[in-house]
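Heads up, this note's numbering is the position in the sequence shown plus 212, with the first residue counted as 1. Virtual Cβ for every residue (Gly too), placed ideally from N, Cα, C. Please read all numbers here as calculations on a predicted model, not as lab measurements.
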Amino acid sequence: MFAIRQLIKNIPELTDLLFNKKLAHLISEFYESEYFLTKAIYFDKPSTSNWFVAYHQDLSISVDKKADVVNYKNWTYKKGQYGVHPPIKILQDTITARIHLDDTDKNNGALKVIPKSHLQGIVRTESNDWDIKTEHICEIKKGGAMLMKPLTLHASNRTTSNKRRRVIHLEFNKHKLSNPLNWSEYWNEQINIKDSI
């Protein structure tokens with residue numbers, strides 16, 4: 213899979229295109245607060261992709277430095293970026309928006325989710341605390357968007373249709389991190405939900 217991480221830092225011209233009233237209105241249907249961007253990634257799953265991603269939760273956030281802070285654990289450092297598992301409240305209040313640049317279905321790696329699994333908090337994926345029978349495949353048309361919680365169990369299959377799957381993955385939050393940590397991709401223009409309604 214090809215990816216451009218820190219997308220807005222690398223291509224700031226995308227901000228006006230992405231952060232419009234349509235996106236703010238979409239978020240406003242579920243949340244009544246002001247959110248700011250904390251992560252932006254461009255994913256390109258090629259048409260010849262022959263791997264799958266097993267069920268997991270997104271437990272890590274990107275921060276600007278490593279520090280010994282209570283309730284921040286499981287530190288990583290990849291490609292010049294620090295990652296850490298924050299307090300669960302931060303994960304619970306994260307909104308993920310996935311904007312699809314291609315038609316996406318079960319044959320080219322559409323996301324599979326276990327509905328309401330985010331309500332269980334952090335789940336050990338090797339356990340049997342979730343029911344695969346409730347699995348839902350999120351088939352999205354080109355130009356469409358989906359919202360999800362990072363604690364929702366999700367996965368994707370191998371591509372079998374020779375069609376690529378390009379997605380812009382955006383994460384939003386409303387919390388400041390514990391001092392001295394800061395969001396590494398903080399974009400200081402809030403998604404103003406009230407003004408979009």
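{"Query": "Tell me the rounded alpha-carbon separation between residue 409 and residue 338.", "Result": "Low per-residue confidence applies at residue 409: pLDDT is 42, beneath 50, and the placement is therefore not dependable, though the value from the model is reported in the following sentence. Looking at the two C-alpha atoms, the distance is approximately 42 Å."}
{"Query": "Is DSSP giving residue 383 helix, strand or coil here?", "Result": "strand"}
{"Query": "Measure the alpha-carbon distance for residue 309 versus residue 276 and round it to whole angstroms.", "Result": "22 Å"}
{"Query": "To the nearest angstrom, how far is the alpha carbon of residue 267 from that of residue 324?", "Result": "8 Å"}
{"Query": "Should residue 330 be labelled buried (16 or more other beta-carbon atoms within 10 Å of its own) or exposed?", "Result": "buried"}
{"Query": "Excluding five sequence neighbours on each side, which residues of the same chain lie with their C-beta closer than 7 Å to the C-beta of residue 281?", "Result": "390, 393"}
{"Query": "From the DSSP output, in three-state form, read off residue 409 for me.", "Result": "Legend: pLDDT at residue 409 = 42, less than 50; position of this residue unreliable, value from coordinates given subsequently. Here residue 409 sits in coil by DSSP."}
{"Query": "Identify which residue in 232, 314, 350 has its Cα closest to the Cα of residue 326.", "Result": "350"}
{"Query": "On the DSSP letters alone, give me the boundaries of the beta strand (DSSP E) that residue 367 sits inside.", "Result": "366-368"}
{"Query": "Quick one: Cα of residue 375 to Cα of residue 365, how far?", "Result": "24 Å"}
{"Query": "Residue 344 by DSSP, collapsed to three states: which one?", "Result": "helix"}
{"Query": "Using only the alpha-carbon positions, how far apart do residue 218 and residue 301 sit?", "Result": "23 Å"}
{"Query": "Indicate the three-state DSSP secondary structure (helix, strand or coil) for residue 274 in the structure shown.", "Result": "strand"}
{"Query": "What did DSSP end up calling residue 227 once you bin it into helix, strand or coil?", "Result": "helix"}
{"Query": "What three-state label does DSSP hand residue 249 in the structure shown?", "Result": "strand"}
{"Query": "Is the separation between the beta-carbon of residue 369 and that of residue 318 shorter than 8 Å?", "Result": "yes"}
{"Query": "Rounded to the nearest angstrom, how far is the Cβ of residue 385 from that of residue 288, given a contact under 8 Å?", "Result": "About 19 Å separates the two Cβ atoms, so there is no contact after all."}
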